[in-house]
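According to this note's numbering, numbering within the sequence shown proceeds without interruption in unit steps and concludes at 260. Think of the CB as a built atom: it goes at the ideal place given N, C-alpha and C, for glycine as much as any other residue.
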Amino acid sequence: MATRLDEIADGIYRISTLVPDIGPKGFSFNQFLIDAEQPLLFHTGHRSMLPAVADEISRVTPLAGLRWITFGHIESDECGSMNQLLAAAPRAQVAHGALGCMVSLNEMADRPPKPLADGETLDLGGKRVTHFDTPHVPHGWEARVLFEETTRTLLCGDLFSHLGDGPPVTTDDVVGPAEEAEDLFRATCLTPTTGATMRRLAELDPRNLAIMHGSSFTGDGASALVRLADAYDARLLAAVPD
Ligand SMILES: [Fe+2]
Ligand SMILES: [Fe+2]
């Protein structure tokens, strides 16, 4: 498995590892590093991937200088090496929605996490990220996303997950590939609020979608989110008995 590093927006780096034997085309695991006065990592990756991820972080900024460790929800690909990174970066702190801190992270993180309110912004010095709660979207009670204002980049985690070894950034459709992956994995919670939550994120009008599994997207992120919402509403309707 090779790990690569690409700048997908100004000062936002994607660290990507393709695992070739997941699904018919392979599946990538991506971490995003925001290079700012207070560097922020979104997703730590699996614990087993930490040596490769740490090497790539160090090509951009000293690992020991990481300030914020963040992720979309609590699973091993999102936060498996959280505590190893807290040990490697003495000033680093986990920041997550208040609910996730209360339910899990106050106990699981080796140092106390910073709880964030819905809509709360962290000024990173040169970059600004706002936290949004998205409970159960795509999955996990504590699910959340981050929006980086200066580049209009939505760090959208498992939303738009798709298979294959695509380019670091695409302008092609990402909704069709996400539907193909959903057919295979059934990873997203189908609830009456799934589509509405995605439409709320579309109001941010993102220019870039930092997607955890697959290529990042540049273009009309709002339109992509609305079409994804429509696709999930259709799945929900199809699943409900007449
Ligand atoms: Fe996940
Ligand atoms: Fe994931």
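- A Cβ-Cβ separation of about 6 Å places L104 in contact with A110 under the 8 Å criterion.
- Around the beta-carbon of V258, fewer than 16 other beta-carbon atoms lie within 10 Å, marking it exposed.
- In the three-state reduction of the DSSP assignment, S94 falls in the helix class, which pools H, G and I.
- Relative to ligand 2, M230 has its C-beta within less than 7 Å of a heavy atom.
- M230 counts as buried, since at least 16 other C-beta atoms from the protein chains shown sit within 10 angstroms of its C-beta.
- At a cut-off of 3 residues, the continuous stretches assigned as beta strand (DSSP E) that sit fully inside the region 86-136 are 86-88, 111-115 and 132-134.
- Taking the C-beta atoms as reference points, I30 is found no nearer than 8 Å to Q49.
- The residue among A82, V147, G115 and M120 with its C-alpha nearest the C-alpha of Q102 is A82.
- In the structure shown, the three-state DSSP call for S179 is coil.
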